[in-house]
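*Asks:*
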Amino acid sequence: MKRYVIKRLLIIIPTLWIISVIAFTLSKFVPQDQVSILLEKRGVDNSSDVAYANVYKDLGLDKPNFYFAIVPSHYPDNINIITHPVTKSEVLTALKSGYHYNDISETINNSNYIKLRLTEQLGGNKNFEKLRVWTPKLVWHGKDNQYHNWIISFFNGVSIVDGKSALVKVGKGLQWTLSITLIDLILSIILAIIIGKYLVINQHKKRVRWISQLLYFIYSIPLFWMATMFVIYLTTDDYGSFTNIFPSVGMNIYPGKSTLYQIIHNAHKLILPILCLTIHSLAYSTRFMRRSLIDELQKPYISTAYSKGLTSDQVINKHAFRNAMMPMITIFVTAAANAFAGSLLLEVIFSIPGIGRLLLNSIYQADWNVVFCIVVVIACVTTVIYLIGDILYTLAQPKLRYDA
Amino acid sequence: MYSLRFFLFLLLAFTFSCQNDKATESTSTSIDEVSIRLAKEPGQISPFFAPTTIGRHVYQYVFLPLADYHPETLELYPILIKEIPKGYSHTLEDGRLAMAFDIEFKEDAQWSDGHPVTADDYKFTINMVKHPLTKAIKWQQLMTNIYDIKVDENNSKKMTVYCNPDYMLGLEVVITSFLLPEHIYDSASQLDLTDTTQTVLMDEISASINERKEIIQVGPYVISDEATDEYIILSKKTDYWGANYPDNPFLQSNPNKIIFKVVPDELTATTMAKDGQLDLVELKSSATFLDLRDNHSDKFTFHTPQLMFFYYIAINNTSPKVNNENVRRALAHLMDVDDAIQTLDKGLGVRNTGPFHPTKPYYNHKLKPIELNIEKAKTLLDESGWIDTDGDNIRDKVINGKKTQLILDFVITGSALSKNIVLLYQEGAAKAGVGINIISKANSLMQKEHINVLKYDMAALAKGFDASPDDPYSAWHSDNADPGGTNKTGYRNPISDDLIETIRNSSDANNRKGNYLKLQETIYEDQPMIFLYSPLMKFVINNKIAATTTSKRPGYLANTFKNKETE
């Protein structure tokens with residue numbers, strides 16, 4: 001078992017590396033101009049070429065993307081040295097047509113160059129020919145590349161929004177999100193087990209059907225709508241003082257206090273968002289619990305247990321329940337990993353400064369240092385959750401221990 | 405079974421015990437504190453390095469300029485200086501003509517660490533902005549109009565500023581500048597405009613963009629606490645020198661604290677306001693505003709100052725389909741703007757007919773709004789040669805030997821407002837045989853791929869103004885009409901170019917007014933864009949607070965708020 005856990009922990013490192021490469025690659029395809037966003041924040045018109053170039057270089061966007069590149073031989077070693085997006089787009093079009101970069105560069109540096117007419121001007125020059133046969137070349141860039149800087153920024157990167165450490169910001173957000181998701185998970189597990197068992201024991205009663213239908217109905221309601229309705233109807237006295245049950249949204253401020261202090265003293269305000277999450281996931285978990293228990297109760301060893309004289313409660317609690325927990329562990333582990341996604345909506349609606357809201361704001365503001373930090377942290381948390389799930393399997397099913 | 409019942413009982417008991425604890429929450433109805441909603445995190449708080457609209461909500465109480473536009477009169481009003489200077493002509497030592505302004509700082513004006521504000525601080529600030537390595541890019545171009553600053557040798561509070569005599573906004577540029585304390589950032593007075601190797605010093609100054617609690621400034625408040633994406637708390641300075649000027653709205657500090665809470669969701673903000681957790685909320689949704697006004701007038705007061713902003717539909721004047729003024733006028737007749745104001749903003753908007761804001765003293769009120777008139781649009785399009793020759797209900801014309809349909813690429817950002825504008829427009833356009841192809845993109849992409857490079861036919865855009873006289877050069881002069889320029893419609897007209905140059909070279913407001921009016925008439929004839937309307941700001945304020953609002957951004961001065969009961 002120990003060896004298994006250590007092996008799984010070691011696998012986390014290459015897993016995180018692969019996730020980081022994928023996240024970095026995807027970030028390059030996001031249709032967003034980080035430089036324009038920053039210029040807008042500084043009150044500068046996008047059309048200032050000098051300002052654009054300065055910010056472009058400040059952000060390190062002129063460096064090559066990765067440690068190496070495989071490009072056609074007529075391409076430049078690093079296309080990112082072209083700062084202006086319009087010029088870059090024109091150059092790429094010309095390169096894809098087959099013109100050599102040296103010819104393109106000569107045309108752009110010529111005093112007769114007219115913006116947006118690069119391909120036309122290249123075509124008009126008889127000395128420039130399009131390449132018909134393309135051959136690849138391998139270019140080694142070394143450590144001075146954007147991906148490498150991204151990795152380093154996990155530890156010492158700063159947010160471009162406020163200059164604070166990205167890791168510190170993510171840490172604060174994570175505390176808020178975990179406080180909601182952990183309690184939601186515990187509540188969901190307990191309620192799913194209790195309600196699932198109840199539904200199985202009383203499966204022939206009429207009211208069980210109504211409860212099942214109610215749970216399905218609740219599950220079909222979108223989470224954000226449910227949260228919005230709760231906020232409108234249960235936190236104000238607009239519809240009568242008897243509906244004003246829960247504290248109003250928005251966290252109280254305790255200046256100078258730690259994040260943990262803020263969370264503890266705002267605990268009463270987290271009840272409604274936790275309730276939303278729990279109620280929403282209850283139908284799915286309960287259904288699975290019920291199905292799993294019913295399947296177990298149909299197995300031959302259960303008949304043996306009954307024939308030994310055990311009561312229904314004893315059969316379920318001592319025999320069937322433990323075996324029925326195996327698929328439930330899968331459900332709960334998946335739910336734990338997905339909890340971060342659901343929390344984003346709730347954090348916006350309930351104004352909770354969690355990691356979901358931080359991720360959303362960072363993407364809008366092109367604050368990629370923080371985004372990357374969040375991606376890595378969530379990846380870490382997810383892999384650890386799945387590892388915990390594996391350990392729980394061995395606890396629930398002793399046979400597995402020997403296999404591990 | 406019993407465990408289930410018991411558990412449910414516990415859950416219900418716990419839930420019903422969570423009554424709204426109004427008694428213990430800080431509701432901020434006392435004027436000790438004013439809580440204001442911010443729709444998003446302002447990021448860096450610096451009028452130099454991050455002069456954003458959202459940032460202004462906060463920095464206007466921490467940083468102060470020498471003078472600013474009074475919130476009520478919208479005229480220049482002294483803040484750090486004794487009076488608004490009058491300019492006079494002067495010849496510099498190098499022979500250049502300049503407009504000179506003699507300025508004196510208030511005797512008691514001081515920084516939050518007790519140092520007096522002096523002319524050396526002003527000189528340092530201007531040189532910092534003008535420096536080749538500056539990161540205060542927005543102001544750099546403007547400050548090139550300041551030629552020189554001479555500090556009085558006998559009185560460090562006095563100086564003479566020499567600026568470009570031909571620049572229309574000379575006075576505004578000189579006196580609406582914020583200040584940085586020289587003794588904090590350059591105590592050895594090393595800053596040299598000609599030295600391009602001063603990267604370390606300039607980087608240190610630029611690093612102040614990330615300061616919050618550490619900021620040493622002249623305003624009535626300091627940032628005493630903050631958490632990014634959550635809140636910013638401004639605390640009133642004790643023994644503030646500005647208390648000697650109780651009538652100056654910029655120097656007042658009535659609330660002990662101003663708390664800005666970041667609440668992105670409008671519904672959440674409204675709920676918090678109803679519960680007393682927010683005292684001032686600016687709403688985007690007119691429907692929500694009117695609903696609150698109709699149903700909660702006992703809790704709030706409602707204010708709708710005119711926002712210095714207007715919506716318009718840009719037309720690419722270089723596009724072969726719409727480069728004819730009759731075609732553009734026809735397109736203008738296809739939009740029912742009054743209906744748009746009613747539909748999109750529930751009537752909370754003011755019609756615009758030209759390139760300047762209706763609150764400006766030189767706005768041409770004689771120009772009649774172009775009304776929805778499908779028949780007139782059809783006639784104008786017929787006259788321009790756009791006729792439906794193939795019976796597909798879309799007009800067409802042969803352009804450069806090729807049959808071209810009048811289907812216009814209409815670019816929008818994807819916001820709810822721009823979507824609604826284009827849908828309303830599409831309705832009218834279809835009736836006149838004009839097709840609209842909607843292209844929706846994120847704002848930065850839209851600018852980069854379409855607007856900046858003039859690759860669009862129409863676009864739903866907005867333009868903001870400040871209280872200073874408008875300089876139409878960047879948006880309307882043909883010098884900037886090429887792709888990549890600041891003239892986003894590619895508009896060219898030699899008559900308007902001449903008028904713009906005359907306006908720019910006149911420092912006398914009365915002389916400029918006549919030319920502003922003529923410029924608006926010229927643009928009205930050419931219809932390079934379809935002017936829509938200027939929305940009203942929508943403020944919901946706790947009715948325990950005596951508050952005034954203003955057209956000057958951000959629309960209110962929280963430092964002037966008072967408790968209604970004690971007023």
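Chains as they are written, first to last, in the numbering used here: chain U, 1 to 404; chain Y, 405 to 971.
Note that CB positions come from ideal geometry on N, CA and C, so glycine has one too.
#1: Can you check whether the C-beta of Thr-236 (chain U) is within less than 8 Å of a C-beta belonging to chain Y?
#2: For Tyr-402 (chain U) and Leu-387 (chain U), I'd like the C-alpha separation in whole angstroms.
#3: With a threshold of 8 Å between beta-carbons, can Thr-538 (chain Y) be considered close to chain U, or not?
#4: Whose C-beta lies closer than 7 Å to the C-beta of Ala-396 (chain U) among residues of the same chain, with five residues either side of it excluded?
#5: Beta-carbon of Thr-603 (chain Y) versus every beta-carbon of chain U: anything under 8 Å?
#6: Can you have a look at Asp-184 (chain U) and say buried or exposed, based on whether 16 or more other CB atoms are within 10 angstroms of its CB?
#7: Strictly below 8 Å CB to CB, what residues from chain Y border Thr-119 (chain U)?
#8: Suppose only complete runs of 4+ residues qualify. What are the alpha helix (DSSP H) ranges in the stretch 134–202 of chain U, listed by chain order?
#9: State the DSSP-derived secondary structure class of His-280 (chain U), mapped to helix, strand or coil.
#10: Kindly say whether Ser-516 (chain Y), judged by its beta-carbon, lies nearer than 8 Å to any beta-carbon of chain U.
#11: From the DSSP output, in three-state form, read off Asp-930 (chain Y) for me.
#12: Quick check: the Cα distance between Ala-192 (chain U) and Asp-390 (chain U), rounded to an integer number of angstroms?
#13: In terms of residues, what are the limits of the alpha helix (DSSP H) holding Ile-798 (chain Y)?
#14: The alpha helix (DSSP H) that contains His-461 (chain Y), what's its start and end?
#15: Can a CB atom of chain U be found closer than 8 Å to the CB of His-474 (chain Y)?
#16: Starting from Thr-228 (chain U), find everything on chain Y with Cβ-Cβ shorter than 7 Å and list it in chain order.
#17: Answer yes or no: does any C-beta atom of chain Y fall closer than 8 Å to that of Val-139 (chain U)?
#18: Can you list, in chain order, the residues of its chain whose CB lies under 7 Å from that of Thr-708 (chain Y), leaving out five sequence neighbours each side?
#19: Pairing CB atoms from the stretch 153–168 of chain U with CB atoms from the stretch 452–460 of chain Y, are three or more of them under 8 Å?
#20: Name, going along the chain, the residues of the stretch 879–901 of chain Y whose beta-carbon falls closer than 8 Å to a beta-carbon of chain U.
#21: To the nearest angstrom, how far is it from the Cα of Pro-887 (chain Y) to the Cα of Ala-834 (chain Y)?
#22: Need the endpoints of the beta strand (DSSP E) that Asp-813 (chain Y) sits in, please.
#23: I'd like the list of long-range same chain contacts for Leu-573 (chain Y), defined as Cβ closer than 7 Å, with 5 residues on each side in sequence excluded.
#24: Apart from the five residues just before and just after Phe-973 (chain Y), which ones in its own chain have a Cβ nearer than 6 Å to its Cβ?
#25: Report the rounded CA-to-CA distance for Cys-567 (chain Y) versus Pro-653 (chain Y), giving the unit in angstroms.
#26: If you draw a straight line from the C-alpha of Thr-495 (chain Y) to the C-alpha of Ile-108 (chain U), how long is it?
#27: Give the list of continuous beta strand (DSSP E) stretches no shorter than 3 residues that lie fully inside the stretch 440–495 of chain Y.
#28: Given that Val-944 (chain Y) touches chain U, what residues does it touch there, using C-beta distances under 7 Å?
#29: Beta-carbon separation of Leu-223 (chain U) and Ser-212 (chain U) under 8 Å?
#30: Any C-beta of chain U sitting closer than 8 Å to the C-beta of Ile-637 (chain Y)?
#31: Is the beta carbon of His-35 (chain U) less than 8 Å from the beta carbon of Tyr-52 (chain U)?
#32: Does the Cβ of His-280 (chain U) have 16 or more other Cβ atoms within 10 Å, making it buried, or fewer, making it exposed?
#33: Assuming Ala-523 (chain Y) and Asp-556 (chain Y) are in contact, meaning their beta carbons sit under 8 Å apart, how far apart are those beta carbons, in whole angstroms?
#34: Quick check: the Cα distance between Glu-615 (chain Y) and Pro-255 (chain U), rounded to an integer number of angstroms?
#35: Spatial neighbours of Ala-305 (chain U) within its chain, please: CB distance less than 6 Å, with the 5 preceding and 5 following residues excluded, ordered by chain position.
#36: Can you tell me where the alpha helix (DSSP H) holding Ile-553 (chain Y) begins and where it ends?
*Replies:* On the basis of the data shown:
#1: Locating residue 236 (chain U) in the first sequence gives position 236, counting from the first residue. Taking Cβ atoms only, chain Y reaches closer than 8 Å to Thr-236 (chain U), which makes this a yes.
#2: On the first sequence, position 402 is the one that residue 402 (chain U) refers to. On the first sequence, position 387 is the one that residue 387 (chain U) refers to. At Tyr-402 (chain U) the pLDDT is 44, less than 50, meaning the model places this residue with poor confidence and gives no usable figure here.
#3: Residue numbering aside, residue 538 (chain Y) sits at position 134 when the second sequence is read from its first letter. Not one chain U Cβ lies under 8 Å of Thr-538 (chain Y).
#4: Here residue 396 (chain U) refers to the residue found at position 396 of the first sequence. Counting only Cβ-Cβ distances below 7 Å, and skipping sequence neighbours, we find Arg-322, Met-325, Met-326, Ile-329.
#5: Translated into the one-based positions of the second sequence, residue 603 (chain Y) becomes position 199. False, the Cβ-Cβ gap to chain U never drops below 8 Å.
#6: For this step, residue 184 (chain U) is matched to residue 184 along the first sequence. Asp-184 (chain U) sits buried, since 16 or more C-beta atoms from the chains shown fall within 10 Å of its C-beta.
#7: If you number the first sequence from 1, residue 119 (chain U) lands on position 119. Under the 8 Å cutoff, chain Y gives no residues; its nearest Cβ is about 15 Å from Thr-119 (chain U).
#8: The stretch 134–202 of chain U contains these whole alpha helix (DSSP H) runs: 146–156, 166–201.
#9: Position 280 of the first sequence holds residue 280 (chain U). Here DSSP, grouped into helix, strand and coil, assigns His-280 (chain U) to helix.
#10: Residue 516 (chain Y) sits at position 112 when you count from the first residue of the second sequence. With 8 Å as the cut-off, Ser-516 (chain Y) does not count as an interface residue toward chain U.
#11: Locating residue 930 (chain Y) in the second sequence gives position 526, counting from the first residue. Helix at Asp-930 (chain Y).
#12: Along the first sequence, read from residue 1 onward, the residue named residue 192 (chain U) stands at position 192. Along the first sequence, read from residue 1 onward, the residue named residue 390 (chain U) stands at position 390. Between Ala-192 (chain U) and Asp-390 (chain U), the C-alpha separation is close to 20 Å.
#13: On the second sequence, residue 798 (chain Y) is found 394 positions in, with the first residue counted as 1. First-last for Ile-798 (chain Y): undefined, no H or E at that position.
#14: Taking the first residue of the second sequence as position 1, residue 461 (chain Y) is located at position 57. It spans 457–463 - the alpha helix (DSSP H) in which His-461 (chain Y) sits, taken as one unbroken run.
#15: To locate residue 474 (chain Y), count along the second sequence from 1; it is residue 70. It does not: the Cβ of His-474 (chain Y) has no partner Cβ on chain U nearer than 8 Å.
#16: The residue labelled residue 228 (chain U) in the question sits at position 228 within the first sequence. Chain Y residues near Thr-228 (chain U): Leu-671.
#17: The residue given as residue 139 (chain U) occupies position 139 in the first sequence. No, no contact with chain Y.
#18: For the purposes of this step, residue 708 (chain Y) is identified with residue 304 of the second sequence, where counting begins at 1. Contacts found: Leu-752, Leu-940, Met-941, Lys-942.
#19: no
#20: Asp-886, Pro-887, Gly-888, Gly-889, Thr-890
#21: For the purposes of this step, residue 887 (chain Y) is taken as residue 483 along the second sequence, with counting starting at 1. For the purposes of this step, residue 834 (chain Y) is taken as residue 430 along the second sequence, with counting starting at 1. Cα to Cα, Pro-887 (chain Y) sits roughly 30 Å from Ala-834 (chain Y).
#22: By 1-based counting over the second sequence, the position of residue 813 (chain Y) is 409. Note, Asp-813 (chain Y): beta strand (DSSP E), 811–816.
#23: By 1-based counting over the second sequence, the position of residue 573 (chain Y) is 169. Around Leu-573 (chain Y): Ser-872, Pro-873, Asp-875.
#24: Lying outside 405 to 971, the shown extent of chain Y, residue 973 (chain Y) is not represented and no answer is given.
#25: One-based indexing of the second sequence puts residue 567 (chain Y) at position 163. One-based indexing of the second sequence puts residue 653 (chain Y) at position 249. Cα to Cα, Cys-567 (chain Y) sits roughly 28 Å from Pro-653 (chain Y).
#26: Translated into positions along the second sequence, residue 495 (chain Y) becomes position 91. Translated into positions along the first sequence, residue 108 (chain U) becomes position 108. Straight-line Cα distance between these residues: approximately 43 Å.
#27: 471–473, 480–482, 492–495
#28: Here residue 944 (chain Y) refers to the residue found at position 540 when the second sequence is read from its first residue. None at all; the shortest Cβ gap to chain U is about 14 Å.
#29: Residue numbering aside, residue 223 (chain U) sits at position 223 when the first sequence is read from its first letter. Residue numbering aside, residue 212 (chain U) sits at position 212 when the first sequence is read from its first letter. By the CB criterion at 8 Å, Leu-223 (chain U) and Ser-212 (chain U) fall outside the cutoff.
#30: Your numbering for residue 637 (chain Y) matches position 233 in the second sequence. By this cut-off, Ile-637 (chain Y) is an interface position.
#31: For the purposes of this step, residue 35 (chain U) is identified with residue 35 of the first sequence, where counting begins at 1. For the purposes of this step, residue 52 (chain U) is identified with residue 52 of the first sequence, where counting begins at 1. Strictly speaking, residue 35 (chain U) in this sequence is Val, with His absent from that position. It is a contact, given that the beta carbons lie within the stated cut-off.
#32: Along the first sequence, read from residue 1 onward, the residue named residue 280 (chain U) stands at position 280. Under this definition His-280 (chain U) is a buried residue.
#33: Start at 1 with the first residue of the second sequence, and residue 523 (chain Y) comes out as number 119. Start at 1 with the first residue of the second sequence, and residue 556 (chain Y) comes out as number 152. Sure, about 7 Å apart at Cβ, within 8 Å.
#34: Along the second sequence, one-based indexing puts residue 615 (chain Y) at 211. Along the first sequence, one-based indexing puts residue 255 (chain U) at 255. The alpha-carbon atoms of Glu-615 (chain Y) and Pro-255 (chain U) are separated by roughly 18 Å.
#35: Indexing the first sequence from 1 puts residue 305 (chain U) at position 305. So the list reads Val-315, His-319, once near-sequence residues are dropped.
#36: Position 149 of the second sequence, counting from 1, holds the residue named residue 553 (chain Y). Counting along the chain, Ile-553 (chain Y) falls outside any alpha helix (DSSP H), though it belongs to the beta strand (DSSP E) covering 550–555.
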